[in-house]
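Residue numbers (the working numbering): 137 to 261.
We put the beta carbon where it would ideally sit given N, CA and C, even for glycine.
Reading through the structure tokens given below for one structure.
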């Protein structure tokens, strides 16, 4: 029996789990579905504390999603310097930043019309 494509909700839950597993911080979910001409439906944005931490978050997301639903990102960009890694799961795009880079680019500000959900972590950062 062929596995059906995972729903966006399932993919988002798995990505958030992958981020939380390695203590990614300041997690926001941006819902872009009400905005015209967007390339995807959702952005998930979070911080790591160093390039090592950013790469650990990216790796954790990939492992979590792959293990649960056998899906992998269509494209991953920025792993070399790990200041801002973009993971493209087509309908969901994940941005893993170091704090100073996130503040500089202000993705949430650029997408000010998006509905933003701050994700509460199960631990204190």
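In this structure, how does DSSP classify residue 168 when only helix, strand and coil are distinguished?
Counting from one through the chain shown, the residue named residue 168 turns up at place 32. Coil at residue 168, not helix or strand.
What whole-angstrom Cβ distance do residue 183 and residue 160 have, given they're in contact under 8 Å?
Residue 183 sits at position 47 when you count from the first residue of the chain shown. Residue 160 sits at position 24 when you count from the first residue of the chain shown. At roughly 7 Å, the Cβ-Cβ gap stays under 8 Å, so residue 183 and residue 160 are in contact.
When the Cβ atoms of the region 150 to 169 are set against those of the region 181 to 197, are three or more pairs found closer than 8 Å?
yes
Keeping to the same chain, check which residues put their C-beta closer than 6 Å to that of residue 166; ignore five residues upstream and five downstream.
Your numbering for residue 166 matches position 30 in the chain shown. These residues qualify, in order along the chain: 179, 247, 250, 252.
Do you know whose CA, among 244, 204, 231, 217, lies nearest residue 211's CA?
Counting from one through the chain shown, the residue named residue 211 turns up at place 75. With distances taken between Cα atoms, residue 211 lies closest to 231.
Over what stretch of residues does the beta strand (DSSP E) that includes residue 241 continue unbroken?
Your numbering for residue 241 matches position 105 in the chain shown. Segment 235 to 241 is the alpha helix (DSSP H) holding residue 241; no beta strand (DSSP E) there.
CB-CB under 6 Å to residue 150, same chain, minus the five flanking residues each way: which ones, in chain order?
Here residue 150 refers to the residue found at position 14 of the chain shown. Counting only Cβ-Cβ distances below 6 Å, and skipping sequence neighbours, we find 200, 201, 204.
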